Amino acid sequence: MASSRRAPAAGGRPSGEAGLQTPRREARSQAGAALEATTREVLLGFVRVHILYHAARGSVYGLWLMEELAEHGYKLSAGTLYPILHSLESRGLLRRSDVLQDGKIRKYYAITGAGRRALVRIEQRLGELVGEVIGRRHDETANARSHAGRRSAGGRNHSF
Ligand SMILES: [Zn+2]
């Protein structure tokens, strides 16, 4: 994914492939590796949502995001986080400004108009997803009913 352009690790933290660790490591089986890779992909999507969410509420910078994300259980290395920030910037969802602070350049990221529009769309999908995946636990029967209804009406088609 976004690993070809790797920013130098800030704050002395090593950058590595295992930048995002799932809380409990699977045994090194093939199924475990596949599960881990898939989980990582999905969680890296969540990380992007976190970044856009926080950038919409004020400028953020890498180290702050790393600490914030760690509180949510995402152990990201700089080598994982910075390429994500760069890709969001190069796609026009974040805008970077370099600020001189204590003799060092700190890269602040703020959300752009395009970033806000992306966030609104993501929030809508996220609400629907949470309603289905989490809500389903509490309401299996009603969910199964509505799915059967939708399937007979031509199935589901999420367009991106
Ligand atoms: Zn957060």
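Numbered according to the working numbering, the sequence shown terminates at residue 246, and the numbering increases by one at each position without gaps.
Glycine is no exception: its CB is placed at the ideal position from the N, C-alpha and C atoms.
The model shown is predicted, which means the values in this text are computed figures rather than measured ones.
Item	Value
Residue span of the beta strand (DSSP E) that contains Ser69, given as start and end	Because the chain here runs from 87 to 246, residue 69 falls outside it and cannot be looked at.
Pairwise C-alpha distance: Ala200 and Ser115	41 Å
Bounding residues of the alpha helix (DSSP H) (the contiguous stretch that carries Tyr168)	Ala164 to Ser176
Nearest-angstrom Cα separation, counted from Val219 out to Ile278	With the chain running from 87 to 246 in the structure shown, residue 278 is simply not present.
Identity of the residue in Tyr194, Leu129 and Ser176 nearest Asp184 by Cα	Tyr194
Ser145 and Ala204 closer than 8 Å at C-beta	no
Paired residues, beta bridge with Tyr194 - DSSP	Tyr147 and Ser183
Where the alpha helix (DSSP H) through Tyr139 begins and ends	Gln116 to Ala141
Proximal residues to Leu212 (C-beta, below 8 Å), its chain only, five neighbours per side dropped	Val135
Contact under 8 Å by Cβ, Leu180 with Val133	no
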